[in-house]
Every structure is written in C-alpha cells, then in structure tokens.
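Engineer:
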Amino acid sequence: MGNADNVKIGVKGRAYVAPVGTTFPTDPFTTWGTGWVDLGYIHPDGLEEALGEDRTEIPAWGEEAPVKTRVKSRDGSFKLTFLETTAELLQLYYAVKADDMTSVPATTGAEAHPQYLSFGTGQASPGLERALGLDVIEGDEIERIMIARVDVSDRGNRKRSADDASSFELTFKPLAAPSGGQAVQRFITNIPLT
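Take the sequence shown: its letter number 194 is residue 194 in the numbering used here, and every next letter is one higher.
1) Within 8 Å, do at least three Cβ pairs link the region 80-88 to the region 35-42?
2) Ignoring anything shorter than 4 residues, give me the alpha helix (DSSP H) runs that lie fully in the region 38-94, in order along the chain.
3) I'd like the list of long-range same chain contacts for K79, defined as Cβ closer than 6 Å, with 5 residues on each side in sequence excluded.
4) Between Q115 and P105, which are expected to be in contact by the criterion C-beta below 8 Å, what is the C-beta distance as a whole number of angstroms?
5) Which class does A15 belong to by DSSP, given the choice of helix, strand or coil?
6) Checking the sheet assignment: what are the DSSP bridge partners for A131?
7) Please name the residue, chosen from L134, P192 and R155, that lies closest to G13 on a Cα-to-Cα basis.
8) Among A148, S167 and R149, which one has its Cα closest to the Cα of N157?
9) Do A87 and L51 have their CB atoms nearer than 8 Å?
10) Which runs of the beta strand (DSSP E), 3 residues or longer, sit entirely within the region 107-161?
11) Please return the same chain residues whose Cβ sits closer than 6 Å to the Cβ of D154, not counting the five positions on each side in sequence.
See below:
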C-alpha cells in the first residue's frame, strides 16, 4: 500500500552561491552561513534536475545482451530560472567576474542620474566556478542539495517585454569536488533508511 507522506512536492525553494571551498551547513536545518549569496526569487517552474551516465558494455561471443556494464562517468545538471536582476546573476549569466564590473555611483544636481553597473562581454573566459546550495521546501520537508563546484553550462534566452520578468535561465553543471570528496551531497528530511 502506498504512503502519501512519501510523495514530495517542491512547493518553494531557494538557491545560494558562494566561492568554491565555502563551508556548507552540516544539516538541513542550519541557515546558510557567511559567504553564501541568496539568488532571490525563482520562477514557479522550480528546479529541474537531470542525471546521466556514460557506460561501457562488455559483449560476449554468442550472447545477444552484454554480460557486464561499467560506468565510465556520471554527470548531472540543475536548471533554474531566476527572476531578480542582481550583480551576482549578471556575473553568472554573462560569465563576467566581479572585478571586471564597475559600479558608477548616483549623482545629484543638474546632471543627476541613478547608480548603474558597467561591464563588457564578448571575450572567451574560463567560466565562473561557484559552490551551489539548493533548498527544496514543502512545509517541514526539506531537501538540501550542496554542490561543491559548479559552472554554468547553459543559459536560456532573456526576454524583455511588458508581459514577463526579464529572467535568467541557468543550468549548473557539477564539477569534480576540490580535494576529492563527493561532488554532490544531499540531506532529505523524513526519509527512513529502512
């Protein structure tokens, strides 16, 4: 017989980034600490996670099916669409380092203008690696996903119109963890092991 308590719904969620090597929370209830930046409102479509494997198949003479398979590599991705325009999201979307951005302060008087951010794009760059933290929340149910090192592998088109928010669709690709260890660590509440 099924148990409705085991049906998980991502009612809401949060996403955080930090420099690679920043300390992760030690459980699903601890708040994100120093160095973590909240990426703000996320589109109602929520989080889309994809997993993939590349396998080698070992055939045998006279057998129709492989006799063994070996995993050569495993990978995955985490896709979110962010609604707010912040310096951190502009850096991630345009692959621009903070050091390559200039914040021009507001001025007053006859030539008054508001503060603005200035940066250029168009040059190849090695990417912007970050640590990524995700919380998927339904009431007291929490799935916390902590990814030691990611790069943005895909960027959706930005639409600017009166009918929609000018959003940032980003797909994060987990990379090997620094100093070994798990690339992706999870905490999922209220799931017994047996």
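C-beta atoms are modelled at their ideal positions from N, C-alpha and C, and glycine is treated no differently.
Note that the coordinates shown come from a computational prediction; the quantities given were computed from them, not determined experimentally.
Structural biologist: With the structure as the only source:
1) The region 35-42, when compared against the region 80-88, does touch it at the 8 Å Cβ threshold.
2) Fully contained in the region 38-94 are the following alpha helix (DSSP H) runs of length 4 or more, in chain order: 87-94.
3) The sequence position of residue 79 within the sequence shown is 79, counting from 1. So the qualifying residues of the chain are E48 and T171.
4) Counted from its first residue, the sequence shown places residue 115 at position 115. Counted from its first residue, the sequence shown places residue 105 at position 105. Q115 to P105, Cβ: 6 Å. Contact.
5) Within the sequence shown, numbered from 1, the residue matching residue 15 stands at position 15. Annotated three-state conformation of A15 is strand, per DSSP.
6) Working through the sequence shown from its first residue, we reach residue 131 at position 131. Beta-bridge analysis with DSSP links A131 to A18.
7) The count along the sequence shown starts at 1 and reaches residue 13 at position 13. For G13, the nearest C-alpha among the options comes from L134.
8) The count along the sequence shown starts at 1 and reaches residue 157 at position 157. The residue among A148, S167 and R149 with its C-alpha nearest the C-alpha of N157 is S167.
9) Here residue 87 refers to the residue found at position 87 of the sequence shown. Here residue 51 refers to the residue found at position 51 of the sequence shown. No.
10) Considered as a whole, the region 107-161 harbours 116-118, 130-138 and 141-155 as its complete beta strand (DSSP E) runs of no fewer than 3 residues, in chain order.
11) Here residue 154 refers to the residue found at position 154 of the sequence shown. So the qualifying residues of the chain are T171.
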